[in-house]
Amino acid sequence: MNNTSIKLPSNNMKDNIIKLYLCAFFGNWAFATGILVFHYRELGFSFFQIFLITVVYEVLNFFLEIPTGVLADKWSCRKTIIIGYLISGISFFVVLIKPEVYITYVVWSILSAVCTTLNSGSVSAFTYNTVQEIDSNLYPKVLSKISAISLITQAISIIIGGILSDQIGFNVALLISGIGGIIQTIIFATTIEPRNQGQTQKVEDRSISQQFVDQVKSSFIILFKNQNVRFFLFYGILFFIISEFAGVIYQPYLGELGFSTKSIIAFFSAGSLLLIAASSFLCGHIKTRKNEVDLLLWISAGLCLSLVMLFIPKISIPAFVLLYLCIGADGIVLSDIINRFIPTDNRATVLSAQNQLSSISYSLFALLIGMSIDNLGMRLSSLLVGIILILSFSLLFSRNRVREIM
Numbered sequence: 000m001n002n003t004s005i006k007l008p009s010n011n012m013k014d015n016i017i018k019l020y021l022c023a024f025f026g027n028w029a030f031a032t033g034i035l036v037f038h039y040r041e042l043g044f045s046f047f048q049i050f051l052i053t054v055v056y057e058v059l060n061f062f063l064e065i066p067t068g069v070l071a072d073k074w075s076c077r078k079t080i081i082i083g084y085l086i087s088g089i090s091f092f093v094v095l096i097k098p099e100v101y102i103t104y105v106v107w108s109i110l111s112a113v114c115t116t117l118n119s120g121s122v123s124a125f126t127y128n129t130v131q132e133i134d135s136n137l138y139p140k141v142l143s144k145i146s147a148i149s150l151i152t153q154a155i156s157i158i159i160g161g162i163l164s165d166q167i168g169f170n171v172a173l174l175i176s177g178i179g180g181i182i183q184t185i186i187f188a189t190t191i192e193p194r195n196q197g198q199t200q201k202v203e204d205r206s207i208s209q210q211f212v213d214q215v216k217s218s219f220i221i222l223f224k225n226q227n228v229r230f231f232l233f234y235g236i237l238f239f240i241i242s243e244f245a246g247v248i249y250q251p252y253l254g255e256l257g258f259s260t261k262s263i264i265a266f267f268s269a270g271s272l273l274l275i276a277a278s279s280f281l282c283g284h285i286k287t288r289k290n291e292v293d294l295l296l297w298i299s300a301g302l303c304l305s306l307v308m309l310f311i312p313k314i315s316i317p318a319f320v321l322l323y324l325c326i327g328a329d330g331i332v333l334s335d336i337i338n339r340f341i342p343t344d345n346r347a348t349v350l351s352a353q354n355q356l357s358s359i360s361y362s363l364f365a366l367l368i369g370m371s372i373d374n375l376g377m378r379l380s381s382l383l384v385g386i387i388l389i390l391s392f393s394l395l396f397s398r399n400r401v402r403e404i405m
């Protein structure tokens, strides 16, 4: 704290980026999580029960996002992330206590929500602030590389995890994933706080509770009164709903197509992640200020079209290919733009607030989707979701002059 006026050498920030790449590798050992929904179905959980687990997760996200975002902004992004990574690693070992009981996965979702909220806005803010120390124009490329490493790692580990689960058991996949989380924590603990984070931390005359209230107020003012941020808040909510919906239906949909072992499902899941990785990497290198609006419009159209296409089983595989390509590209475009509009002092809190609103919106939507799938099936439910999102995106874009915002 007493050295906040000293500019950190850029080499330290470059080391941070290398460590972020390593954390992306070790933190995405998806030996267990990559086949989790299929595993739930094998345990006999209904779609309503599966979506209920996600609702528990998202509701906790809603309540914890803002406090953890303020914690990162007012205390330390780095320390907040370390705690989150540690909880994430430990959570896998908790599941090993009773891995066949439904309540165990509810507890896991609670722990996952805690670590996710500690890391969600914090990691994005830490990464963005680190890159600002070197060259602000590098952020899309750095983010795309982190995304590519994360997704390729997930893809490979999902395949291995599926084979391990079929040959040895799901518990082994859980054990290895937990070890990866612990290694990730150790690596991130060696990073250095970016200067533009540290220099905002100064001695305050106000009480901690008053600082908290003021931080939340200023962040929500940015979210709702800043037209630029407000547009991407609502856009981000729609994108979040699509991403979460895709993650839940993908594996069971493949099961209905006749792919019935964890190994085969793992290969398909790995393929989806490789598609996201490829589109993220490509988008990070082709996106510019001049073409980002066109990219956003085309990506949005692709997201909606792919959900509608899922109604027809014969073109469901191309539909999923399109869906995951668009998800990968959209994550890069959206993150780069919204970070640009948020002040450094509020970045983690504002991003956490956006995640909070996305979580509660999806929670309200998820139970309806779960009941819809149980009663109408995945094909018709996908069609309905696609139509709803087409109308929502059309309304959002029609009420905002996107090119003027950018």
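For the sequence shown, numbering that gives the first Met the number 0 begins at 0 and goes up steadily by one.
Here a beta-carbon is modelled for each residue, glycine too, at the ideal position from N, C-alpha and C.
Just so it is clear, the structure is predicted and the values come from calculations on it, not from any experiment.
| request: Can you grab the Cα-Cα spacing for the pair lysine 78 / alanine 71, in whole Å? | output: 8 Å
| field | Same chain only: Cβ atoms within 8 Å of proline 98, ignoring 5 sequence neighbours per side | value | Phe169, Asn170 and Leu173
| request: Using beta-carbon positions only, say whether leucine 272 and alanine 154 come within less than 8 Å of one another. | output: yes
| So, is methionine 12 buried or exposed, given that buried needs 16 or more other C-beta atoms within 10 angstroms? | buried
| field | Same chain, Cβ closer than 6 Å to glutamine 200, neighbours up to 5 away in sequence not counted | value | For glutamine 200, the predicted structure reports a pLDDT of 47, less than 50, and the residue's modelled location is therefore unreliable. A value from the coordinates is still provided. There are no such residues.
| task | Below 8 Å CB to CB, which residues in the same chain sit around leucine 274 once its five sequence neighbours on both sides are set aside? | result | Val320, Tyr323, Leu324 and Gly327
| message | Quick check on phenylalanine 392: does DSSP put it in helix, strand or coil? | response | helix
| message | Any contact between the region 276-294 and the region 137-146? By contact I mean 3 or more CB pairs, one from each, below 8 Å. | response | yes
| message | Less than 8 Å between the beta carbons of glycine 180 and tyrosine 84, yes or no? | response | yes
| said: For valine 55, which residues in the same chain have their Cβ closer than 8 Å to its Cβ, ignoring the five residues on either side in sequence? | reply: Val105, Ser108, Ile109 and Ala112
| said: I need the DSSP call for lysine 289, collapsed to helix, strand or coil. | reply: coil
| message | For chain C, check one thing: does any of its Cβ atoms lie closer than 8 Å to the Cβ of valine 69? | response | Structure shown: chain C not included; a single protein chain is present.
| Relative to the alpha-carbon of serine 357, which residue among Asn10, Val122 and Glu64 has its alpha-carbon at the smallest distance? | Glu64
| task | Using 10 angstroms around the beta-carbon of asparagine 338, count the other beta-carbons present and answer buried if the total reaches 16, otherwise exposed. | result | buried
| Measuring CB to CB, does isoleucine 368 end up less than 8 Å from proline 139? | no
| Of the choices Ile336, Gly385, Phe30 and Leu363, whose alpha-carbon is the least far from that of serine 135? | Ile336
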